[in-house]
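The structure under discussion appears below in the form of structure tokens.
In our numbering, the protein residues as written are 128 to 756.
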């Protein structure tokens, strides 16, 4: 299973607390009339419009300490402001100007959701100030000691707010249906650079104090902070990359085609609306491929492959600047509106920059992922739906790549039927019409059918919108994908199956994607002897490409290929990307001896994993894994 960006498993964990519902669009002058079961907040009563943070990063106690001033619209005269919190130490609540202490209370703890913060509002109040501190174990924050960084001299911090973890470091209305502007003052140890999903500095301040501004309204899950020994390299006047000093030159070289990706995206669906587009390459423990924080994509260092072969991840995160950041899913049950649209947009960017054959190679791998996800879950499993039908309560598309891949193929299916030019014009208007708004599946269906169907029953049946969105599995009319480059890989796999020596295979021009196709489809028997021959020819165990190595090491574990076992241990203790390490842990756990070994590795590695990663690997390894106190 591969998840390009924030793992849908996190959303699945959250959605397991209850069903989801959606409601029609309401003009954004007040709160969207959308019920989000993952939030205690009541934005239909009081709607937060702006957030002002003043926080100090205390690396000794591993806490963010300070205040949040929330400015809100209370035109309906509500008596109470309800916010989401989880593991926050609330030290006091005052009026926005600090003049008056306000009455407040925390509600009962609910698993994964935290506690509601209820604040009594004085008449005509428009803002409140909350003094608070985060927990040392806040699920959104990973703190690094200097020895855990590549430089080894300075500490590091980064946050991960999606899906519902913003509440672990900021009291807020933690639902994607609410958008707010924000500003922040962040105080850090001198010599470190602080960055946010906002207007950012490009060099270290003398006093360790940084000021940020995000003038465009964003949902809470796009709040982000990183602090570290970072440097910046510009690509052009509006894009560049930040990374630790030891990584910056490699990152700048690997990602220097980013301006071309931005230009291709704008030609497709309109101007980039966020000012700058920069990338932050994080330490190896970052749990996902990337996170689309506006103005500053957070990216895994595993995309630094040395051959610029994994830039589709940048295309994906960039595409989120339209689908997700600009137009946002109203609840996490509508997550396919973020990830399916973004995967479609990613493919179109890659086609525009690298050609149709390259994008079709990616699409073919996406189709393989979709079919594997459906086979694993079961073709009739409602979790393979893109969305839940009205009145249903099963969380859809949340434990696999369904939201990404089925969403992509649905939109491609629509494009192929109505025509690319008409479909592109529709999407361009969709992004423009709903800019800085949150939408539901029902809203999209209504607008799509109004644009294209208009009572045409034959076209309606051919499109099958309800069948694709509300039906399980992979539909029979999934678009046909044909990749000549992968056909060539399959031909070499057939030669290997017929007895050709690995050294005789024609592999010299293969990209990462072709190697992944090869390793995923090795002919039987995939035993230690087979792997030994491949290793002698292609040196997979010593590969520096994490995408390839992750697939190889899983095969090595399954085949008990002992020469790769030290590499397995090293990989699991130095890489934290869930897409890579979860399958290896899961493979290890299939035998008693492997499970014991996996638990031993996990105990050594967990201090370097993000809290979200720890939770996911604990689930993979089951009972016998100690939960930290």
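Beta carbons are placed, not taken as given, at the ideal position from N, Cα and C, and that holds for glycine.
Touching by the beta-carbon criterion (3+ pairs, under 8 Å), the stretch 665 to 676 and the stretch 527 to 539: Between the stretch 665 to 676 and the stretch 527 to 539 there are fewer than three inter-stretch CB-CB distances shorter than 8 Å, so the stretches are not counted as touching.
Assigned exposure category for residue 642 - 16 Cβ within 10 Å defines buried: Result: buried.
Collapsed DSSP secondary structure at residue 535 in the structure displayed: Looking at residue 535 - three-state DSSP - the assignment turns out to be helix.
Three-state secondary structure (DSSP) of residue 705: Residue 705 falls in the helix class under three-state DSSP.
Assigned exposure category for residue 373 - 16 Cβ within 10 Å defines buried: Exposed, since its Cβ has fewer than 16 Cβ neighbours within 10 Å.
Own chain residues within Cβ distance below 7 Å of residue 117, not counting five before or after: The first residue shown for the chain is 128 and the last is 756, placing residue 117 beyond what the model contains.
DSSP-derived helix/strand/coil call for residue 269: In the three-state reduction of the DSSP assignment, residue 269 falls in the strand class.
Identified DSSP bridge partners for residue 601: For residue 601, which the question treats as bridged, DSSP gives no partner whatsoever.
DSSP bridge partner residues for residue 280 (one or two, in chain order): DSSP, once it has assigned bridges, lists no residue as partnering residue 280.
Given residue 499 as reference, the closest of 235, 511 and 660 once Cα atoms are compared: Nearest Cα to residue 499 within the set 235, 511 and 660: 511.
N-terminal and C-terminal residue of the beta strand (DSSP E) that residue 217 is part of: That run of the beta strand (DSSP E) goes 216 to 222.
Residue 213 vs residue 165 beta-carbon contact at 9 Å: Cβ distance not < 9 Å, so residue 213 and residue 165 don't count as in contact.
For residue 614, three-class secondary structure by DSSP: Assigned with DSSP and collapsed to three states, residue 614 falls in helix.
Distance, residue 491 Cα to residue 439 Cα: Looking at the backbone, the Cα of residue 439 and that of residue 491 are separated by about 14 Å.
Span of the alpha helix (DSSP H), counted from its first residue to its last, around residue 354: Residue 354 -> not in any alpha helix (DSSP H); beta strand (DSSP E) instead, spanning 352 to 355.
Residue 233 classed as buried or exposed, judged by whether at least 16 other C-beta atoms fall within 10 angstroms: By the neighbour-count criterion, in which a residue is buried when 16 or more other Cβ atoms sit within 10 angstroms of its Cβ, residue 233 is exposed.
N- and C-terminal bounds of the alpha helix (DSSP H) containing residue 481: It spans 463 to 481 - the alpha helix (DSSP H) in which residue 481 sits, taken as one unbroken run.
Cα-Cα separation between residue 447 and residue 560, rounded to whole angstroms: Their Cα atoms are separated by approximately 16 Å.
Cα-Cα separation, residue 533 to residue 573: Roughly 20 Å separates the two Cα atoms.
Residues that DSSP places opposite residue 190 in a beta bridge: Note: residue 190 sits in a beta bridge opposite 185.
Selection from 311, 402, 437 and 656 that minimises the alpha carbon distance to residue 417: The candidate whose alpha carbon is nearest that of residue 417 is 437.
The stretch 345 to 364 contacting the stretch 308 to 324, beta-carbon criterion three pairs below 8 Å: By the Cβ test, the stretch 345 to 364 is in contact with the stretch 308 to 324, since at least three Cβ pairs between them sit closer than 8 Å.
Which listed residue (441, 610, 458 and 419) has its alpha carbon closest to that of residue 489: Nearest C-alpha to residue 489 among 441, 610, 458 and 419: 610.
Simplified DSSP assignment, three categories, for residue 258: Residue state, collapsed to three classes: strand.
Proximity to residue 536 [Cα-Cα], best of 287, 626 and 471: Measuring from the Cα of residue 536, the nearest candidate turns out to be 471.
Per-residue DSSP class, three states only, for residue 699: Correct three-state label for residue 699: helix.
Touch test, the stretch 359 to 377 against the stretch 298 to 305, Cβ-Cβ under 8 Å, three pairs minimum: At 8 Å Cβ cutoff, the stretches do not touch.
Delimiting residues of the alpha helix (DSSP H) encompassing residue 574: In the DSSP assignment, residue 574 falls within the alpha helix (DSSP H) that extends over 568 to 579.
Secondary structure of residue 647, DSSP reduced to three states: Reduced to three states, the DSSP call for residue 647 is helix.
Whole-number beta carbon distance between residue 196 and residue 259, since they are thought to touch under 8 Å: The C-beta distance from residue 259 to residue 196 rounds to 12 Å, too long to fall under 8 Å, and the pair is not in contact.
For residue 404, three-class secondary structure by DSSP: Here DSSP, grouped into helix, strand and coil, assigns residue 404 to strand.
Secondary structure of residue 724, DSSP reduced to three states: Looking at residue 724 - three-state DSSP - the assignment turns out to be helix.
Cut-off 8 Å between Cβ atoms - residues of its own chain near residue 298, not counting five sequence neighbours on either side: Around residue 298: 195, 197, 210, 211, 212, 215, 217, 244, 257 and 259.
Simplified DSSP assignment, three categories, for residue 676: In this structure, DSSP gives residue 676 a helical state, which the three-state scheme calls helix.
The stretch 427 to 436 contacting the stretch 458 to 474, beta-carbon criterion three pairs below 8 Å: By the criterion of at least three beta-carbon pairs nearer than 8 Å, the stretch 427 to 436 is not in contact with the stretch 458 to 474.
Rounded straight-line distance, which links the Cα of residue 730 to that of residue 539: Linking residue 539 to residue 730 through their CA atoms gives a straight-line distance of about 44 Å.
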